[in-house]
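J.: Quick note, the sequence shown lines up with residues 235 to 492 if you use the numbering used here.
Next up is a structure, given as structure tokens.
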Amino acid sequence: MPQVNLVEIFSSVQGEGFQVGVPTLFVRFGECDLRCSWCDSPHTWKPARDCRFEEARGTGRFRTRPNPIEIAEALEAAAALDPSAHRYASLTGGEPLLQPDAVRALGEGLRSRGPLIHLETHGLAHEALARVVDVVDVVSMDWKLSSDVRRAGRSTRDAEESFHDEHAHFLDVARRAPEVVIKVVVTPNTRDSELDEMAQRICAVDPMLPVVLQPVTPMGSVTARPSSDVLLGWMERLSKSLGNLRLIPQTHPLLAIR
């Protein structure tokens, strides 16, 4: 059975997207191959030296273990938080699909304990997703916009790279799961043309796919949200083609929860 590089396992409620407010067991993976200017977890960009496990549900008390973690140990740590008390077990990051064997092993193990498997991903690693999609109940994919996102190792001065083609390939695979939701984080840098291209690609697959327009939570190099009139303008613009579009901010900063 594979080992896994994890950052933490803890209990909370989902703070963003279509499943917002639902009790969720989080399994956070270490390492990511993208650099988002607004990232709320830059400590997950590199493989983590240590992993921390919440000792009891909702207490915020953690114990620490060195990485890599045996799958059996990770499942034991999750079991201490009573997976059946949660609607979802969220495999998040970092980017979980950089460790597809671990995603499969943890997905199978957690699913057998009750919760649905919710995969949070940057939506680019379609080959890795194809290896694990059968153990995932909800694929929650980001749609990254090059105005605020670059690949790890690339300078911000490099020419911008569009992710639309890769997202379209990923979406084709993701639709094999029972449920797919799409989230796009928008900032003052977001361009109408980026959103138009995203909407066109999604509509080519299914215009009724759930899409969340998420105003950025200012952090990192992003210091402000788009104004309300800009957000409402984007909603009006995109609703002409996307039939299941919602405007939902991150809620866990508002509630001061993880």
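Cβ atoms here follow ideal geometry from the backbone N, Cα and C, with glycine treated the same way.
#1: Please state whether DSSP places C266 in a helix, a strand or coil.
#2: Can you give me the start and stop residues for the alpha helix (DSSP H) that H401 sits inside?
#3: Can you give me the start and stop residues for the alpha helix (DSSP H) that L465 sits inside?
#4: Flag this pair as yes or no: are the beta carbons of P278 and Y322 separated by less than 7 Å?
#5: Since S374 and E354 should fall inside the 8 Å C-beta cutoff, what is the C-beta to C-beta distance between them, to a whole number of angstroms?
#6: From S318 to P349, what does the alpha carbon distance come to, in whole angstroms?
#7: Out of V415, L268, S324, E342, which has the shortest C-alpha to C-alpha gap to L476?
#8: Output needed for V439: all residues of its chain with C-beta closer than 8 Å, excluding positions within five of it in sequence on either side, in chain order.
#9: Could you tell me if E361 is buried or exposed, where buried requires 16 or more neighbouring beta carbons within 10 angstroms of its beta carbon?
#10: Within the same chain, show all residues whose beta-carbon is closer than 7 Å to that of A458, passing over the 5 residues directly before and after it, in chain order.
#11: Who are the Cβ neighbours of G292 in its own chain at under 7 Å, not counting the five residues just before and after it?
#12: Assign F296 to one of two classes, buried (16 or more other C-beta atoms within 10 Å of its C-beta) or exposed (fewer than that).
#13: Is DSSP giving S455 helix, strand or coil here?
#14: With respect to the beta strand (DSSP E) encompassing P300, which residues constitute its N-terminal and C-terminal limits?
#15: Between the alpha carbons of V370 and F252, how many angstroms are there, rounded?
#16: Could you check whether V254 and T193 sit closer than 7 Å to each other, using their CB atoms as the reference points?
#17: In whole angstroms, what separates the C-alpha of F263 from that of G343?
#18: Pull up the DSSP beta-bridge partners for M375, would you.
#19: Count the other CB atoms, across all protein chains shown, that sit within 10 Å of the CB of A311; report buried if there are 16 or more and exposed otherwise.
#20: Between V367 and L465, what straight-line distance do the alpha-carbon atoms span, to the nearest angstrom?
#21: At what residues does the beta strand (DSSP E) containing E288 begin and finish?
#22: Taking all protein chains shown into account, do 16 or more other C-beta atoms lie within 10 angstroms of the C-beta of T326, making it buried, or fewer, making it exposed?
#23: Considering V337, what are the terminal residues of the alpha helix (DSSP H) in which it resides?
#24: Identify the residues that DSSP records as bridge partners of P257: which are they?
#25: I'd like to check one pair, V238 with A336: are the Cβ atoms closer than 7 Å?
T.: This is what the structure gives:
#1: Here residue 266 is taken as the residue at index 32 of the sequence shown, counted from 1. C266 falls in the coil class under three-state DSSP.
#2: Residue 401 sits at position 167 when you count from the first residue of the sequence shown. H401 -> alpha helix (DSSP H) spans 398-408.
#3: Position 231 of the sequence shown holds residue 465. Looking at the DSSP string, the run of the alpha helix (DSSP H) that includes L465 is 462-473.
#4: As a first step, residue 278 is located in the sequence shown; it is residue number 44 there, counting from the start. As a first step, residue 322 is located in the sequence shown; it is residue number 88 there, counting from the start. Here the sequence assigns Thr to residue 278, which means Pro is not the residue at that position. Not a contact, by the Cβ cut-off of 7 Å.
#5: By one-based count along the sequence shown, residue 374 stands at place 140. By one-based count along the sequence shown, residue 354 stands at place 120. Going by Cβ atoms, the distance from S374 to E354 rounds to 5 Å, so yes, they are a contact pair.
#6: Along the sequence shown, one-based indexing puts residue 318 at 84. Along the sequence shown, one-based indexing puts residue 349 at 115. If I take the Cα positions, the gap works out to 6 Å.
#7: Locating residue 476 in the sequence shown gives position 242, where the first residue counts as 1. It is V415 whose Cα lies nearest to the Cα of L476.
#8: As a working note, residue 439 is residue 205 in the sequence shown. Counting only Cβ-Cβ distances below 8 Å, and skipping sequence neighbours, we find A402, L405, D406, R409.
#9: As a first step, residue 361 must be located in the sequence shown, where it is residue number 127. Its Cβ having fewer than 16 others within 10 Å, E361 is exposed.
#10: For the purposes of this step, residue 458 is identified with residue 224 of the sequence shown, where counting begins at 1. The residues are P422, P452.
#11: Counting from 1 along the sequence shown, the entry for residue 292 is found at position 58. For G292, where only same-chain residues beyond five positions count, the Cβ hits under 7 Å are S245.
#12: Here the question's residue 296 lines up with position 62 in the sequence shown. Exposed is the call here.
#13: Along the sequence shown, read from residue 1 onward, the residue named residue 455 stands at position 221. Three-state DSSP puts S455 in coil, outside helix and strand.
#14: Translated into the one-based positions of the sequence shown, residue 300 becomes position 66. First-last of the beta strand (DSSP E) with P300: 296-300.
#15: In the sequence shown, counting from the first residue as 1, residue 370 sits at position 136. In the sequence shown, counting from the first residue as 1, residue 252 sits at position 18. Distance between the alpha carbons of V370 and F252: 16 Å.
#16: Outside the displayed span of the chain (235 to 492) sits residue 193, for which this structure offers no information.
#17: On the sequence shown, residue 263 is found 29 positions in, with the first residue counted as 1. On the sequence shown, residue 343 is found 109 positions in, with the first residue counted as 1. Going by the C-alpha atoms only, they are around 16 Å apart.
#18: Taking the first residue of the sequence shown as position 1, residue 375 is located at position 141. Paired residues: T355, I416.
#19: Reading the sequence shown from its first residue, position 77 is the one you call residue 311. A311 is buried by the Cβ-count criterion.
#20: Along the sequence shown, one-based indexing puts residue 367 at 133. Along the sequence shown, one-based indexing puts residue 465 at 231. In a straight line, the C-alpha of V367 is about 33 Å away from that of L465.
#21: For the purposes of this step, residue 288 is taken as residue 54 along the sequence shown, with counting starting at 1. First-last of the beta strand (DSSP E) with E288: 284-288.
#22: Within the sequence shown, the letter at position 92 stands for residue 326. Flag for T326 reads buried.
#23: As a working note, residue 337 is residue 103 in the sequence shown. Per DSSP, V337 belongs to the alpha helix (DSSP H) from 334-345.
#24: Here the question's residue 257 lines up with position 23 in the sequence shown. For P257, which the question treats as bridged, DSSP gives the partners V247.
#25: On the sequence shown, residue 336 is found 102 positions in, with the first residue counted as 1. On the sequence shown, residue 238 is found 4 positions in, with the first residue counted as 1. Yes, Cβ-Cβ distance for A336 and V238 is below 7 Å.
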